[in-house]
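**Student:** Before I ask anything, here is the structure I am working with.
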Ligand SMILES: [Zn+2]
Ligand SMILES: [Zn+2]
C-alpha cells in the first residue's frame, strides 16, 4: 500500500492552499516531492515526521517549489539526524543548498547524497522530462512488482517440499516427481503501485509517454479552461485531464491551483468532462493506493 499526502496543493503564491509539497509513504519509507516554503511547519504541526523522509525529489528551482528545503534540512540537523538523505533535482540545486548552508553557518550532521535516480529493494524514484519555462523534471515513484507462490495450485498438485517451493520462488525450474515445474506456472505477480508527479508543466508529450498507466497522476492544473496557461509553462484543468486520458492513467489529482481560485468546482467540472476520475485534493488530505 502506498499513501500520498497532499501537503501543499497551491502554486505560485500561498493562499488557503500551501506551496507545493507531496509526501509518498510506503512501509515507513518516505519520498518528499517538492518543498515549498512552509513545508516543514505544516508537516511538524500535522505529525508528519520530517525525520522519516528518506528521499527528496525537487522538480525545478522556482521559489515556490524549493525554498522550504534549506530550512527543512537544517531542522533535520537540529534534531540530530544521522541517516543519509538522498536528493534528486535539476542542475543548480546542489549549489543552491551548499551556498545557503555556508551563508547561514550550517553544516549538516548527516550525509546528503545527490543522485539522478533512487532505487531500494522495494521502491524506485525516477525523473522524467517536463515542459516548463526553466529546466524541470517530474518524478515517477514506483513500487516494485512482487511475485508470490500460487499456494492454491501447489496444494492442488501436492507440491509440499519447501526446497521445491523456494526454487520456484527464486524463478528456477525444478524437476519433481518425473516432471519439470516451471516457475511462471506457479508465481502470481502482484503489480506495484505507480505514481507520477509533474511539478509545473505545459501539456507535454514527454509527460504523456512517461506516466502511461500510472495509478495516480498529480498534474499541474494552475488555471481554469480559457486561460493561456502555456505562456507561463503551466496547464489548465482541461489540459491536465486530456494528458491523463491520453496517458491512460487511473486517477488524476489536479494540483498547483492558482491562488486566484477560491472556488474550484468549475475547474473540477471542466476536467471531469474529459477525464471522469479527476479530483482536486485539499491541503493535508491523503489518498491510499492498493495494487
Ligand atoms: Zn510552481
Ligand atoms: Zn515553476
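In this note's numbering, the protein residues as written are 236 to 526. Using N, Cα and C, we set each Cβ at its ideal position, and we do this for glycine too.
Between residue 468 and residue 436, which are expected to be in contact by the criterion C-beta below 8 Å, what is the C-beta distance as a whole number of angstroms?
**Tutor:** The residue labelled residue 468 in the question sits at position 233 within the chain shown. The residue labelled residue 436 in the question sits at position 201 within the chain shown. Between residue 436 and residue 468 the Cβ distance is about 7 Å, and since that is below 8 Å, they are a contact.
**Student:** Quick check on the DSSP output: what are the complete beta strand (DSSP E) runs of length 3 or more inside the stretch 453 to 506, in order along the chain?
**Tutor:** The qualifying runs are 487 to 490.
**Student:** Just the C-alpha distance for residue 514 and residue 252, rounded to the nearest angstrom, thanks.
**Tutor:** Here residue 514 refers to the residue found at position 279 of the chain shown. Here residue 252 refers to the residue found at position 17 of the chain shown. Each residue's Cα considered, the two are about 15 Å apart.
**Student:** Do residue 269 and residue 294 have their CB atoms nearer than 8 Å?
**Tutor:** Looking up residue 269 in the chain shown gives position 34. Looking up residue 294 in the chain shown gives position 59. Going by C-beta atoms, residue 269 is nearer than 8 Å to residue 294.
**Student:** Residues in its own chain within less than 6 Å of residue 267 by CB, not counting five upstream and five downstream?
**Tutor:** Against the chain shown, residue 267 aligns to sequence position 32. Correct list, in chain order: 258, 288, 291.
**Student:** Identify every residue that forms a DSSP beta bridge with residue 268.
**Tutor:** Position 33 of the chain shown, counting from 1, holds the residue named residue 268. Residue 268 pairs with 257, 292.
**Student:** Nearer than 7 Å: is that true of the beta carbon of residue 303 relative to any heavy atom of ligand 1?
**Tutor:** One-based indexing of the chain shown puts residue 303 at position 68. Checking the Cβ of residue 303 against ligand 1 gives no.
**Student:** Leaving out five residues on either side along the sequence, give the residues of the same chain with a beta carbon under 8 Å from the beta carbon of residue 348.
**Tutor:** For the purposes of this step, residue 348 is taken as the residue at position 113 of the chain shown. Taken in chain order, the residues that qualify are 319, 320, 321, 322.
**Student:** What do you reckon, are the CB atoms on residue 452 and residue 241 nearer than 8 Å?
**Tutor:** Looking up residue 452 in the chain shown gives position 217. Looking up residue 241 in the chain shown gives position 6. No, the Cβ-Cβ distance between residue 452 and residue 241 is not below 8 Å.
**Student:** Let me check understanding here. Comparing Cα to Cα, which of 488, 522, 414 lies closest to residue 511?
**Tutor:** Looking up residue 511 in the chain shown gives position 276. Comparing Cα-Cα distances from residue 511 to each of 488, 522, 414, the minimum goes to 488.
**Student:** Quick check on this structure: which residue in 477, 494, 472 has the alpha carbon closest to the alpha carbon of residue 502?
**Tutor:** On the chain shown, position 267 is the one that residue 502 refers to. Ranking the options by Cα distance to residue 502, first place goes to 472.
**Student:** So, at 6 Å on beta carbons, what are the nonlocal neighbours of residue 309 in its own chain, with the 5 sequence-adjacent residues on each side left out?
**Tutor:** Along the chain shown, one-based indexing puts residue 309 at 74. Cβ within range, chain order: 341.
**Student:** Three Cβ pairs or more, each shorter than 8 Å: is that satisfied between the stretch 376 to 387 and the stretch 349 to 359?
**Tutor:** With a cut-off of 8 Å, the stretch 349 to 359 and the stretch 376 to 387 count as touching, because enough Cβ pairs lie within range.
**Student:** Taking Cβ to Cβ, would you say residue 524 is nearer than 8 Å to residue 428?
**Tutor:** Here the question's residue 524 lines up with position 289 in the chain shown. Here the question's residue 428 lines up with position 193 in the chain shown. Yes, the Cβ-Cβ distance between residue 524 and residue 428 is below 8 Å.
**Student:** Does any heavy atom of ligand 1 sit closer than 7 Å to the C-beta of residue 491?
**Tutor:** Within the chain shown, numbered from 1, the residue matching residue 491 stands at position 256. Yes, the Cβ of residue 491 comes within 7 Å of a heavy atom of ligand 1.
**Student:** Do the CB positions of residue 506 and residue 445 come within less than 8 Å of each other?
**Tutor:** The residue labelled residue 506 in the question sits at position 271 within the chain shown. The residue labelled residue 445 in the question sits at position 210 within the chain shown. For residue 506 and residue 445, no; Cβs fall outside 8 Å.
**Student:** By DSSP, does residue 360 sit in helix, in strand, or in coil?
**Tutor:** Reading the chain shown from its first residue, position 125 is the one you call residue 360. Residue 360 falls in the strand class under three-state DSSP.
**Student:** Going by Cα to Cα distance, which pick from 426, 438, 393, 333 is closest to residue 236?
**Tutor:** Numbered from its first residue, the chain shown carries residue 236 at position 1. Minimum Cα distance to residue 236 is reached at 426.
**Student:** Mind checking whether the beta-carbon of residue 518 lies closer than 7 Å to any heavy atom of ligand 1?
**Tutor:** As a first step, residue 518 must be located in the chain shown, where it is residue number 283. Answer for residue 518: no, Cβ out of range of ligand 1.
**Student:** In the DSSP assignment, what residue or residues form a beta bridge with residue 425?
**Tutor:** The count along the chain shown starts at 1 and reaches residue 425 at position 190. Answer is 381, bridged to residue 425.
**Student:** Please state whether DSSP places residue 342 in a helix, a strand or coil.
**Tutor:** As a position in the chain shown, residue 342 is number 107, starting the count at 1. Residue 342 falls in the coil class under three-state DSSP.
**Student:** Return the chain-ordered list of same chain residues with a C-beta closer than 6 Å to the C-beta of residue 312, the five sequence neighbours on each side being excluded.
**Tutor:** Your numbering for residue 312 matches position 77 in the chain shown. These residues qualify, in order along the chain: 343, 344.
**Student:** If you drop the 5 nearest sequence neighbours on each side, which residues of the same chain put their C-beta closer than 7 Å to that of residue 475?
**Tutor:** Taking the chain shown and counting its residues from 1, the one referred to as residue 475 is at position 240. For residue 475, where only same-chain residues beyond five positions count, the Cβ hits under 7 Å are 454, 455, 456, 487, 489, 506.
**Student:** Indicate whether residue 421 and residue 385 have their beta-carbon atoms separated by less than 8 Å.
**Tutor:** Residue mapping note: residue 421 aligns to position 186 of the chain shown, counting from 1. Residue mapping note: residue 385 aligns to position 150 of the chain shown, counting from 1. Yes. Within cutoff.
**Student:** What are the boundary residues of the beta strand (DSSP E) that residue 242 is part of?
**Tutor:** Sequence index remark: in the chain shown, residue 242 carries index 7 (1-based). Residues 237 to 243.
**Student:** Where does the unbroken alpha helix (DSSP H) through residue 388 begin, and where does it stop?
**Tutor:** Working through the chain shown from its first residue, we reach residue 388 at position 153. Note, residue 388: alpha helix (DSSP H), 386 to 391.
**Student:** Using the three-state DSSP reduction, which class does residue 449 fall into: helix, strand or coil?
**Tutor:** Position 214 of the chain shown, counted from the start, is the residue given in the question as residue 449. In this structure, residue 449 counts as coil in the three-state DSSP scheme.
**Student:** In terms of residue numbering, what span does the alpha helix (DSSP H) encompassing residue 280 cover?
**Tutor:** Here residue 280 refers to the residue found at position 45 when the chain shown is read from its first residue. Its alpha helix (DSSP H) spans residues 274 to 280.
**Student:** Taking the straight line between their C-alpha atoms, what separation do you get for residue 337 and residue 247?
**Tutor:** In the chain shown, counting from the first residue as 1, residue 337 sits at position 102. In the chain shown, counting from the first residue as 1, residue 247 sits at position 12. Looking at the two C-alpha atoms, the distance is approximately 27 Å.
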